[in-house]
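Undergrad: Going by numbering that gives the first Met the number 0, the sequence shown opens with residue 0, and the numbers climb by one from there.
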Amino acid sequence: MYLLIVFLPLITSLIVLLLGKTIGRSGSTFIIMFGMIINLFIAICLFIEISFGSTISKIYFFEWLNFGILTINIGFYFDTITTTMLFIVIFISFFVHLYSIEYMNYDPAYTRFLSYLSLFTFFMIFLVVSDNYLQMFIGREGVGLSSYLLISFWYTRILANKAAIKAMLINRIGDLALLTAMAIMFVVFGSLNYNVVFLIAQYVTDLQYIFFNTYIDLISLICLLLFIGAMGKSAQMGLHVWLPDAMEGPTPVSALIHAATMVTAGVFLVIRSCFIFEYSTSILLFISFVGGATALFSSIIGAFQFDIKKIVAYSTCSQLGYMFFSAGLSIYTISLFHLFNHAFFKALLFLSMGSVIHGLADEQDFRRMGGLAFLFPLTYISVLIGSIALIAVPYLTGFFSKDLILELSFAFFNVMSIFIYFIGTFAAFLTAFYSTRLIFWIFLSNLNSYKSYVYDIHEPRVSMSFTLIMLCIFSIFAGFCFNEAFGGIGSNFWSNSIYINALNFSTFEAEFDLFFLKLLPLFISMFGVIVYRFVIKDELYYFLFDNSFFNKLHFFFNKAMLFDYLYNYVFNYYVLFLSYSLFYKKFEKGLFEFFGPVYISNLFIRIWNCFLQLNTGLVYNYVFNMIFIMTILIVFFEFIVWLDIVVIINLIVGHQMLTWIFKTNNNNVASR
Numbered sequence: 000m001y002l003l004i005v006f007l008p009l010i011t012s013l014i015v016l017l018l019g020k021t022i023g024r025s026g027s028t029f030i031i032m033f034g035m036i037i038n039l040f041i042a043i044c045l046f047i048e049i050s051f052g053s054t055i056s057k058i059y060f061f062e063w064l065n066f067g068i069l070t071i072n073i074g075f076y077f078d079t080i081t082t083t084m085l086f087i088v089i090f091i092s093f094f095v096h097l098y099s100i101e102y103m104n105y106d107p108a109y110t111r112f113l114s115y116l117s118l119f120t121f122f123m124i125f126l127v128v129s130d131n132y133l134q135m136f137i138g139r140e141g142v143g144l145s146s147y148l149l150i151s152f153w154y155t156r157i158l159a160n161k162a163a164i165k166a167m168l169i170n171r172i173g174d175l176a177l178l179t180a181m182a183i184m185f186v187v188f189g190s191l192n193y194n195v196v197f198l199i200a201q202y203v204t205d206l207q208y209i210f211f212n213t214y215i216d217l218i219s220l221i222c223l224l225l226f227i228g229a230m231g232k233s234a235q236m237g238l239h240v241w242l243p244d245a246m247e248g249p250t251p252v253s254a255l256i257h258a259a260t261m262v263t264a265g266v267f268l269v270i271r272s273c274f275i276f277e278y279s280t281s282i283l284l285f286i287s288f289v290g291g292a293t294a295l296f297s298s299i300i301g302a303f304q305f306d307i308k309k310i311v312a313y314s315t316c317s318q319l320g321y322m323f324f325s326a327g328l329s330i331y332t333i334s335l336f337h338l339f340n341h342a343f344f345k346a347l348l349f350l351s352m353g354s355v356i357h358g359l360a361d362e363q364d365f366r367r368m369g370g371l372a373f374l375f376p377l378t379y380i381s382v383l384i385g386s387i388a389l390i391a392v393p394y395l396t397g398f399f400s401k402d403l404i405l406e407l408s409f410a411f412f413n414v415m416s417i418f419i420y421f422i423g424t425f426a427a428f429l430t431a432f433y434s435t436r437l438i439f440w441i442f443l444s445n446l447n448s449y450k451s452y453v454y455d456i457h458e459p460r461v462s463m464s465f466t467l468i469m470l471c472i473f474s475i476f477a478g479f480c481f482n483e484a485f486g487g488i489g490s491n492f493w494s495n496s497i498y499i500n501a502l503n504f505s506t507f508e509a510e511f512d513l514f515f516l517k518l519l520p521l522f523i524s525m526f527g528v529i530v531y532r533f534v535i536k537d538e539l540y541y542f543l544f545d546n547s548f549f550n551k552l553h554f555f556f557n558k559a560m561l562f563d564y565l566y567n568y569v570f571n572y573y574v575l576f577l578s579y580s581l582f583y584k585k586f587e588k589g590l591f592e593f594f595g596p597v598y599i600s601n602l603f604i605r606i607w608n609c610f611l612q613l614n615t616g617l618v619y620n621y622v623f624n625m626i627f628i629m630t631i632l633i634v635f636f637e638f639i640v641w642l643d644i645v646v647i648i649n650l651i652v653g654h655q656m657l658t659w660i661f662k663t664n665n666n667n668v669a670s671r
């Protein structure tokens with residue numbers, strides 16, 4: 000059963016990829032969905048058995064690498080973190096597959112799409128169940144490959160190809176940091192296995208490395224590199240630029256990437272490595288700061304977008320920021336709880352947006368929508384439920400984790416935690432603002448779409464509708480059902496997989512927060528809804544848009560604070576300019592080539608020309624050349640012989656001198 004849940008998606012993916020044309024669309028759909036149903040059943044069984052039973056299972060599969068000093072086994076590790084992630088990944092993946100049956104039904108490459116989705120699911124499962132960092136790295140690379148294939152699925156579109164390449168390149172930065180961290184881990188711990196690394200971590204906390212007369216804490220360095228690796232996958236500020244562009248892929252891909260798979264890999268890495276991070280307070284503070292900054296930054300940008308998929312994408316960045324800054328405050332359990340809850344309502348939002356796009360002939364700009372509440376009743380209800388769960392309205396799924404993160408962050412009672420609390424609260428205000436804006440423009444404003452689109456509008460059919468209904472149910476009840484197990488005080492749900500240093504534990508301190516501070520995020524979120532709905536009306540919005548200052552400010556935020564401009568026209572441009580004009584033209588084609596192959600070849604040509612000039616055809620010139628060369632050789636050999644004689648004489652004299660010195664010292668000692 001344990002191996003089946005790992006390899007079944009790979010088997011079904013290969014069957015459909017190789018035999019898709021033979022078995023047809025219906026056969027491919029049956030094989031893929033049959034495999035996903037079995038996997039979902041096994042995931043639920045493992046979740047109940049291991050997570051609620053507080054047990055651990057480890058499977059040794061085979062020995063992969065053996066270099067004497069380093070042995071890497073392919074093995075699978077099942078604990079509470081693993082089974083929780085498995086349930087999220089497989090549950091969301093199952094419904095994305097089900098949704099894709101109708102959404103991609105008319106695409107000519109339908110079977111290839113299903114195969115790529117299953118391949119994506121396999122690599123994410125492989126990443127989650129790995130028992131060592133190198134095997135987990137292989138899963139990360141597989142997830143990156145699958146995301147490239149899915150983002151560029153419509154490969155005839157230039158933007159899709161560019162977005163896929165961009166995602167791969169940005170993730171290479173994080174992968175390089177993770178590889179460096181693994182190399183240092185091997186030097187420090189002598190292994191890359193989770194259990195070995197986590198057990199030894201507490202004994203090497205004082206280990207330092209001197210670099211340019213500076214002492215570097217190796218545990219902090221490892222944690223910093225691991226976090227940079229997590230930043231690349233989870234699109235934290237600075238390495239986030241690939242995530243909005245990933246919307247060029249089909250909508251089910253966006254739902255799978257943003258809700259359960261690729262972006263959660265970074266958060267999973269930090270939570271899985273909590274045994275190391277707990278011994279580096281400085282890096283935990285840095286993680287908190289970056290997470291809080293990402294939550295605020297993404298919320299601001301999301302409030303100025305018009306593309307409905309990009310708004311939800313920046314919302315994902317913001318929620319990932321919440322997960323990271325809670326992990327940086329050592330609230331790993333609530334961070335994973337928020338990841339669990341977020342998967343349901345974010346998948347619901349993306350698939351609901353896909354339903355709108357599907358019904359409006361691929362229109363994504365909400366300024367060309369409006370008045371769809373009565374034309375899309377089910378989709379309207381789905382977006383409404385997903386949005387209010389995202390806003391964290393009480394007793395919906397998002398409320399039980401998002402507000403708890405803010406409440407616990409204040410409980411540290413230090414400058415950083417209080418600062419992050421207010422950043423997260425303001426980000427919650429902006430989240431409510433752009434969620435209300437999204438609902439209003441799509442469903443409640445005046446109809447602003449093309450007449451031909453309106454005539455063809457229709458609700459999704461059975462598979463898409465069933466998916467939206469199920470995700471609505473989980474977006475309402477999942478947080479309530481798992482609240483006590485995941486985040487309750489005294490719960491031993493995470494006892495076999497998460498370690499929190501006693502100095503960083505603040506769950507009990509949160510009980511002493513002021514009641515006003517506990518309710519402040521809720522009040523601020525409701526205020527965000529009121530501000531947009533009743534204060535910022537269409538007339539005021541267009542008035543501000545005509546204002547030159549607001550126009551420039553809007554352009555700045557709409558273009559994502561010009562991060563792409565910064566990368567393209569500052570870093571990329573000058574790096575390419577220096578690479579060509581300085582290093583290539585001046586050094587490689589200039590100095591290196593002149594003093595390298597060109598100089599050597601010219602030197603031999605000159606020597607050869609000198610020898611050619613000696614070929615005069617006159618006998619007395621040849622006799623003179625022979626006598627001159629023989630004289631040079633005799634002098635050279637005589638010099639060598641003279642050097643040998645001098646060396647031998649020096650050795651003899653030195654030996655005699657040393658013998659006399661030792662004898663004199665011995666006589667002096669004896670006389671004393």
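Idealized CB from N, CA, C, for every residue including glycine.
What do you get for L69, buried or exposed, if any count of 16 or more other CB atoms within 10 angstroms of its CB means buried?
TA: Under this definition L69 is an exposed residue.
Undergrad: Considering just the uninterrupted stretch of the beta strand (DSSP E) at S490, what are its terminal residues?
TA: Note, S490: premise wrong, no beta strand (DSSP E); not H, not E.
Undergrad: Beta-carbon separation of E277 and L158 under 7 Å?
TA: No, these two residues do not count as a Cβ contact at 7 Å.
Undergrad: Determine, using beta carbons only, whether L39 and F93 come nearer to each other than 7 Å.
TA: Contact flag set, yes.
Undergrad: Given that a residue counts as buried once 16 or more other Cβ atoms are within 10 Å of its Cβ, and exposed if not, what is E406?
TA: Flag for E406 reads buried.
Undergrad: Quick one: Cα of C609 to Cα of F603, how far?
TA: The alpha-carbon atoms of C609 and F603 are separated by roughly 10 Å.
Undergrad: Buried or exposed: which applies to W241, given that a residue is buried once 16 or more other Cβ atoms fall within 10 Å of its Cβ?
TA: Result: buried.
Undergrad: Could you tell me the boundaries of the beta strand (DSSP E) in which I71 lies?
TA: Its beta strand (DSSP E) spans residues 70-77.
Undergrad: Start and end of the beta strand (DSSP E) containing K57?
TA: Segment 56-65, the beta strand (DSSP E) holding K57.
Undergrad: For Q207, name the three-state secondary structure that DSSP assigns.
TA: Residue state, collapsed to three classes: strand.
Undergrad: What's the C-alpha gap between L561 and N567?
TA: Between L561 and N567, the C-alpha separation is close to 10 Å.
Undergrad: Given a threshold of 16 other Cβ atoms within 10 Å of its Cβ, counted over all protein chains shown, does A42 qualify as buried or as exposed?
TA: Buried, by the Cβ-count rule.
Undergrad: DSSP three-state label for T293, please.
TA: Here T293 sits in helix by DSSP.
Undergrad: By how many angstroms is the C-alpha of F465 removed from the C-alpha of I100?
TA: Their Cα atoms are separated by approximately 12 Å.
Undergrad: In this structure, how does DSSP classify N192 when only helix, strand and coil are distinguished?
TA: N192: strand per DSSP, three-state reduction.
Undergrad: With a 10 Å radius around its C-beta and 16 neighbouring C-beta atoms as the bar for buried, classify M181 as buried or exposed.
TA: Buried, because 16 or more other Cβ atoms sit within 10 Å of the Cβ of M181.
Undergrad: Relative to the C-alpha of M103, which residue among I49, I73, P249, L168 is closest?
TA: Closest by alpha carbon: P249.
Undergrad: Under the three-state reduction of DSSP, which class applies to T155: helix, strand or coil?
TA: If DSSP states are grouped into helix, strand and coil, T155 belongs with coil.
Undergrad: Among A254, D306, S325, F303, which one has its Cα closest to the Cα of V266?
TA: Ranking the options by Cα distance to V266, first place goes to S325.
Undergrad: Beta strand (DSSP E) containing Y214: first to last residue?
TA: It spans 213-216 - the beta strand (DSSP E) in which Y214 sits, taken as one unbroken run.
Undergrad: Quick one: residues in its chain with C-beta nearer than 7 Å to the C-beta of D106, no 5 flanking neighbours on either side, listed in chain order?
TA: Only F112 meet the Cβ criterion.
Undergrad: So the alpha helix (DSSP H) F411 belongs to, where does it begin and stop?
TA: Run containing F411: none; DSSP gives neither H nor E here.
Undergrad: Under three-state DSSP, which class holds N447?
TA: In the structure shown, N447 sits in coil (DSSP, three-state: anything other than H, G, I, E or B).
Undergrad: Within 10 angstroms of its Cβ, does V461 collect 16 or more other Cβ (buried), or is it exposed?
TA: Its Cβ having fewer than 16 others within 10 Å, V461 is exposed.
Undergrad: Roughly how many angstroms separate the alpha carbons of L13 and K585, rounded to a whole number?
TA: C-alpha separation (whole angstroms): 51 Å.
Undergrad: Considering only the beta carbon of each residue, do F476 and L371 sit closer than 7 Å?
TA: It is not a contact, given that the beta carbons lie outside the stated cut-off.
Undergrad: Using 8 Å for Cβ pairs, my map puts N447 next to R366. What's the rounded Cβ distance?
TA: Indeed they touch by this definition, with Cβ atoms about 7 Å apart.
Undergrad: Only counting the same chain, and skipping five residues up and downstream in sequence, which positions put a Cβ closer than 7 Å to that of Y420?
TA: These residues qualify, in order along the chain: L405, S408, F409.
Undergrad: Please state the DSSP three-state secondary structure of S129.
TA: Three-state result, S129: strand.
Undergrad: Between which two residues does the alpha helix (DSSP H) holding D244 run?
TA: Run containing D244: 241-244, per the alpha helix (DSSP H) assignment.
Undergrad: Roughly how many whole angstroms lie between the Cα atoms of A229 and F399?
TA: In a straight line, the C-alpha of A229 is about 25 Å away from that of F399.
Undergrad: How about G231 and I172: are their beta carbons less than 7 Å apart?
TA: Yes, Cβ-Cβ distance for G231 and I172 is below 7 Å.
Undergrad: When the Cβ atoms of the segment 72-80 are set against those of the segment 129-141, are three or more pairs found closer than 8 Å?
TA: Yes, since at least three Cβ pairs between the segment 72-80 and the segment 129-141 fall closer than 8 Å, the two stretches touch.
Undergrad: Are the segment 192-200 and the segment 282-291 in contact at 8 Å, needing three or more beta carbon pairs?
TA: Contact fails: fewer than three Cβ-Cβ distances are below 8 Å.
Undergrad: Quick check: the Cα distance between S600 and S233, rounded to an integer number of angstroms?
TA: About 53 Å.
Undergrad: Any contact between the segment 522-534 and the segment 428-441? By contact I mean 3 or more CB pairs, one from each, below 8 Å.
TA: Yes, the segment 522-534 touches the segment 428-441.
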